[in-house]
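Just so we're aligned, residue 23 is where the sequence shown starts under our numbering, counting upward by one. For glycine and all other residues, C-beta sits at the position ideal for the given N, C-alpha and C. Values in this document were obtained by computation on a predicted structure and should not be read as measured data. Read through the structure below, which is laid out as structure tokens, and then see the notes.
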Amino acid sequence: FSFFLLTAFGMDPFLAGLLGGLPRIYDAITDPIMGYISDNTNSRWGRRRPYIFAGAIMSGLFFAILWQLDPNATQNYNFWYFLLFSLVFLT
């Protein structure tokens, strides 16, 4: 995706690098929390299945929204837009 940000949107390489790293750091923090929540879930569908079902639907929706960057918008707008929806997508 860095190639896309650098060539299609002319984003600063430093900002594109941040977009590659910051969501992964956030993901490393939230994954153990979600693991704890799913380990302690008791439902008639099992411990993980409700989260997999909801996550699959939301991931499809947010993945499509993630790439709807505006080529005419400012670099800062596209950076914050992509960062926000990357964090939402990874959650």
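N98 and N64 have their C-alpha atoms some 43 angstroms from each other.
With respect to the C-alpha of V110, the residue from F36, W67, F85 having the closest C-alpha is F85. Here M56 carries a helix assignment [DSSP, helix/strand/coil]. In the DSSP assignment, A30 falls within the alpha helix (DSSP H) that extends over 24-30. At least 8 angstroms separates the beta-carbon of R71 from that of D61. F107 and G32 have their alpha carbons spaced roughly 19 angstroms apart.
Rounded to the nearest whole angstrom, the C-alpha separation of A95 and R66 is 47 angstroms. In the displayed model, R46 falls within a helix according to three-state DSSP. Judged by DSSP secondary structure, G68 falls outside any alpha helix (DSSP H); it is assigned neither H nor E.
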